[in-house]
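Protein chains: 2
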Amino acid sequence: MTEATRRERLRAETERDIRRQARALLVEHGRDAVTLRAIAREVGITAPALYRYYDSREDLLRRLAEDICTDLAAELDADLDGIDEDDVSAQVYAVCRGFRRWALAHPQEFTLVFASTEDALGSCTPDGRGQVGDQFGRVFLEVAGRLIASHPLPEDLGHDAPENLHADLAAFQQVLLATVNDRGVAVDASVLPLGAVYHITQSWVRIYGHVALEVFGRFPFAVSNPEPMFDSMLAQILGEMGFRHLTRP
Amino acid sequence: MTEATRRERLRAETERDIRRQARALLVEHGRDAVTLRAIAREVGITAPALYRYYDSREDLLRRLAEDICTDLAAELDADLDGIDEDDVSAQVYAVCRGFRRWALAHPQEFTLVFASTEDALGSCTPDGRGQVGDQFGRVFLEVAGRLIASHPLPEDLGHDAPENLHADLAAFQQVLLATVNDRGVAVDASVLPLGAVYHITQSWVRIYGHVALEVFGRFPFAVSNPEPMFDSMLAQILGEMGFRHLTRP
DNA sequence: TCAACTACGTAAACGGTGTTCACTCACCTG
DNA sequence: CAGGTGAGTGAACACCGTTTACGTAGTTGA
């Protein structure tokens with residue numbers, strides 16, 4: 002049955018174990034506690050053995066960040082599974098709330114993936130596309146693309162997009178189109194106007210900004226219950242896109 | 002003249018030296034390079050001597066963060082000095098652009114102060130008010146308060162502030178009032194409606210979000226020139242507050 | 001079947017880290 | 001000038017990432 006040799010199976014198992022223990026150390030004691038020796042101790046091997054799996058500690062952390070992106074994407078996908086496929090605004094709520102919930106529950110992972118300088122970690126997408134963690138980005142882009150395409154948009158949406166950003170926005174528009182089409186929904190550029198693409202970008206700024214401020218405790222005053230504030234922001238973002246009367250699931 | 006004894010003068014000088022060298026290490030090689038032994042080497046003492054000045058490495062980093070806040074505030078104050086005292090929108094541009102410029106020029110310091118979990122660093126304000134770095138916050142709050150007070154605001158500004166946030170907003174309103182009044186401008190709560198206070202909070206979310214995304218390279222696509230995007234966001238924030246036709250200095 | 005090869009894991013070592021401890025000695029105070 | 005205080009030291013401890021040489025179990029081909 003299994004094509005893999007015994008050695009390959011053992012190796013795969015050890016590698017899973019390494020990542021699991023590294024992840025546990027990150028979650029419980031922070032990035033600095035993700036130590037080659039500590040991981041090895043938990044796995045039951047010695048530290049130099051880890052060099053058979055990773056080039057360096059930095060390399061291990063990079064792979065860890067990729068795993069985190071993948072798991073986050075899976076979590077958000079699971080959230081989306083329970084939602085009506087045609088109710089795009091509910092999908093937006095689910096993904097954004099899921100992102101916030103995940104970030105607050107896993108601040109160390111959030112910091113590693115979403116608040117590390119590129120030279121300290123390297124991008125999640127080593128092909129240099131400069132995207133947010135690829136798997137996570139896929140989920141977000143998918144919902145964003147469907148959101149734009151599903152609804153007649155206000156005419157002046159994103160009218161203030163700077164002109165010299167048009168080329169970048171056009172490139173992003175293509176990525177959005179490709180992401181949506183990958184899911185079998187056929188749309189073309191005409192339903193994804195650049196103004197709307199710009200608005201999506203601005204929305205990501207706000208969503209990320211709120212979540213990061215909450216995780217890092219850097220709001221200008223003590224917010225006793227930030228959740229309604231987040232929901233209110235989502236409602237405003239959707240409202241600006243023309244979703245005036247919407248349910249807040 | 003100098004009340005201080007010789008010993009006290011030497012101590013103060015050494016402490017300044019320690020912080021200067023620690024700061025240089027942070028700027029040039031990142032947080033992990035801020036090593037007690039490296040600092041001591043630069044200062045010309047041994048590592049254990051640093052324990053006469055700080056309880057631990059963590060304590061030193063906390064003090065460093067406070068210094069950074071103070072210096073950033075001084076830099077922004079200097080930016081404000083060159084601006085007409087009555088042109089509040091120009092002041093907003095100056096402070097926000099100054100913050101962005103500083104963050105991009107000092108990513109390591111930005112990460113330490115604005116993108117560290119509280120348990121990894123402790124708040125800049127040890128009195129637990131949960132504010133952004135106190136000195137920096139003062140400058141921002143001052144401009145924000147004057148911005149609100151200086152202008153007739155749209156009636157529906159911040160109409161979507163969640164109800165259960167009113168208590169927090171009222172507290173922040175008092176802080177804003179106190180900050181503005183400290184500068185000798187007498188205003189009362191009537192010119193600082195809660196809706197406007199909420200809008201200020203949302204604006205901080207956007208400004209912080211943009212800057213952090215740029216520093217960490219986590220925009221959803223490669224932005225070849227983010228500066229006009231930032232300026233455009235500022236224009237929109239001011240526009241929502243009623244500054245329809247404004248110069249962009 | 002058996003020799004040759006591959007790759008996982010090891011112990012030892014190097015230079016680095018934060019931190020503690022006992023100690024010296026210049027400085028300040030009475 | 002005696003006594004106390006506090007800045008700084010060197011040695012030590014337990015860690016850390018990484019490299020090296022080496023043993024050995026698993027695999028492969030003749």
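Protein sequences appear in the order of chains A and B.
In terms of the numbering used here, the first sequence opens at residue 2 and continues consecutively.
In terms of the numbering used here, the second sequence opens at residue 2 and continues consecutively.
For each residue, glycine too, the CB sits at the ideal point set by N, CA and C.
{"Query": "Indicate whether at least one CB of chain B lies closer than 8 Å to the CB of residue 242/A.", "Result": "no"}
{"Query": "Measuring CB atoms only, is the stretch 112–120 of chain B touching the stretch 48–68 of chain B, in the sense that at least three cross pairs come out at less than 8 Å?", "Result": "yes"}
{"Query": "Based on Cα-Cα distance, which residue from 222/A, 9/A, 190/A lies nearest to residue 149/A?", "Result": "190/A"}
{"Query": "Chain B partners of residue 92/A, CB-CB under 8 Å?", "Result": "What residue 92/A touches in chain B: nothing, since even the nearest Cβ is about 17 Å away."}
{"Query": "Check the Cβ of residue 142/A against every Cβ in chain B and list those closer than 9 Å, keeping chain order.", "Result": "221"}
{"Query": "At which residues does the alpha helix (DSSP H) containing residue 94/B begin and terminate?", "Result": "89–106"}
{"Query": "Going by Cα to Cα distance, which pick from 6/A, 55/A, 168/A, 215/A is closest to residue 118/B?", "Result": "215/A"}
{"Query": "Could you check what DSSP says for residue 56/B in three-state terms: helix, strand or coil?", "Result": "coil"}
{"Query": "What residues from chain A crowd round residue 217/B, counting only those whose CB sits closer than 8 Å?", "Result": "115, 116, 117, 118, 119"}
{"Query": "Taking Cβ positions only, does residue 196/B come closer than 8 Å to chain A?", "Result": "no"}
{"Query": "Between residue 73/A and the rest of its own chain, which residues show a CB-CB distance below 7 Å, the 5 nearest in sequence each way excluded?", "Result": "103, 137"}
{"Query": "Are the beta-carbon atoms of residue 178/A and residue 158/A separated by less than 8 Å?", "Result": "no"}
{"Query": "Does the distance from the C-beta atom of residue 160/B to that of residue 243/B stay below 8 Å?", "Result": "no"}
{"Query": "What is the rounded straight-line gap between the Cα of residue 175/A and the Cα of residue 200/A?", "Result": "16 Å"}
{"Query": "What does the alpha-carbon distance come out to for the pair residue 40/A and residue 21/A?", "Result": "9 Å"}
{"Query": "For a contact defined as C-beta to C-beta under 8 Å, what are the partners of residue 207/B on chain A?", "Result": "203, 206, 207, 210"}
{"Query": "What first and last residue would you give for the alpha helix (DSSP H) that runs through residue 40/A?", "Result": "37–44"}
{"Query": "Going by beta-carbon coordinates alone, are residue 77/B and residue 35/B separated by less than 8 Å?", "Result": "no"}
{"Query": "Going by the beta-carbon positions, is the gap between residue 75/B and residue 84/B smaller than 8 Å?", "Result": "no"}
{"Query": "Tell me which same chain residues have a C-beta within less than 7 Å of the C-beta of residue 170/B, skipping the five on either side of it?", "Result": "162, 195, 198, 199"}
{"Query": "Buried or exposed: residue 147/B, going by 16 or more other Cβ atoms within 10 Å of its Cβ?", "Result": "buried"}
{"Query": "Of all Cβ atoms in chain B, is any one closer than 8 Å to the Cβ of residue 173/A?", "Result": "yes"}
{"Query": "When you compare the CB of residue 163/A with every CB in chain B, is at least one pair closer than 8 Å?", "Result": "yes"}
{"Query": "Helix, strand or coil for residue 63/B per DSSP?", "Result": "helix"}
{"Query": "Quick one: is residue 224/A near chain B, going by C-beta distance under 8 Å?", "Result": "yes"}
{"Query": "One question on the structure: do residue 37/A and residue 51/A come within less than 8 Å of each other, judged by their Cβ atoms?", "Result": "yes"}
{"Query": "Examine chain A for any beta-carbon lying closer than 8 Å to the beta-carbon of residue 35/B, and answer yes or no.", "Result": "no"}
{"Query": "Is the distance from the Cβ of residue 109/A to the Cβ of residue 44/A below 8 Å?", "Result": "no"}
{"Query": "Measuring only the C-alpha atoms, how far is residue 181/B from residue 89/B?", "Result": "13 Å"}
{"Query": "Within 10 angstroms of the Cβ of residue 202/A, are there 16 or more other Cβ atoms? Answer buried if so, exposed if not.", "Result": "buried"}
{"Query": "Beta-carbon within less than 7 Å of residue 227/B's beta-carbon, same chain only, minus the 5 sequence neighbours each way: which residues are those?", "Result": "215"}
{"Query": "Return helix, strand or coil for residue 84/A, following the three-state DSSP convention.", "Result": "coil"}
{"Query": "Residues in its own chain within less than 7 Å of residue 23/A by CB, not counting five upstream and five downstream?", "Result": "35, 40, 61, 65"}
{"Query": "Strictly under 8 Å for the Cβ-Cβ distance: is residue 57/A near chain B by that measure?", "Result": "no"}
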